[in-house]
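Student:
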Amino acid sequence: MLQYNVPDFRNSLEFLTLLAKKRGYLQKGGIPNAEQASTAFLDDWTGAKLSYHCKASENRDLPAYMPSRQYRLNL
1 MLQYNVPDFR
11 NSLEFLTLLA
21 KKRGYLQKGG
31 IPNAEQASTA
41 FLDDWTGAKL
51 SYHCKASENR
61 DLPAYMPSRQ
71 YRLNL
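In case it helps, my numbering puts the sequence shown at residues 1 to 75.
#1: To the nearest angstrom, report how far apart Pro-7 and Leu-16 are at their CA atoms.
#2: With a threshold of 16 other CB atoms inside 10 Å of the CB of Leu-2, please say whether the residue is buried or exposed.
#3: Which residue from Ser-12, Asn-5, Phe-9 and Arg-10 puts its Cα closest to that of Arg-23?
#4: Run through the DSSP bridge pairs and tell me what Pro-32 is partnered with.
#5: I believe Leu-19 touches Phe-41 by the beta-carbon criterion, under 8 Å. Please report the beta-carbon distance rounded to the nearest angstrom.
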């Protein structure tokens with residue numbers, strides 16, 4: 001995720017492990033604490049530190065399956 005500046009990941013556990021390493025949430029022996037990272041992630045989500053919307057596309061053309069006369073917006 002760009003917000004956390006972590007490398008690409010394949011699943012949620014890998015993301016939480018990378019986030020734990022990035023934030024220094026480590027258990028004894030240097031093992032990443034995924035539970036603490038998940039709590040921090042949820043705190044960020046509920047505290048509005050994460051935006052959960054997509055940026056609008058620069059391309060304002062409609063997809064081929066949408067007739068222009070029916071769905072054209074005046075922007």
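Cβ coordinates follow ideal geometry from the N, Cα and C atoms, glycine included.
Tutor: Per the coordinate set shown:
#1: Looking at the two C-alpha atoms, the distance is approximately 12 Å.
#2: Leu-2 counts as exposed, since fewer than 16 other beta carbons sit within 10 angstroms of its beta carbon.
#3: Nearest option by C-alpha distance: Asn-5.
#4: Bridge partners of Pro-32: Leu-26.
#5: The pair is a contact, with the Cβ atoms about 6 Å apart (cut-off 8 Å).
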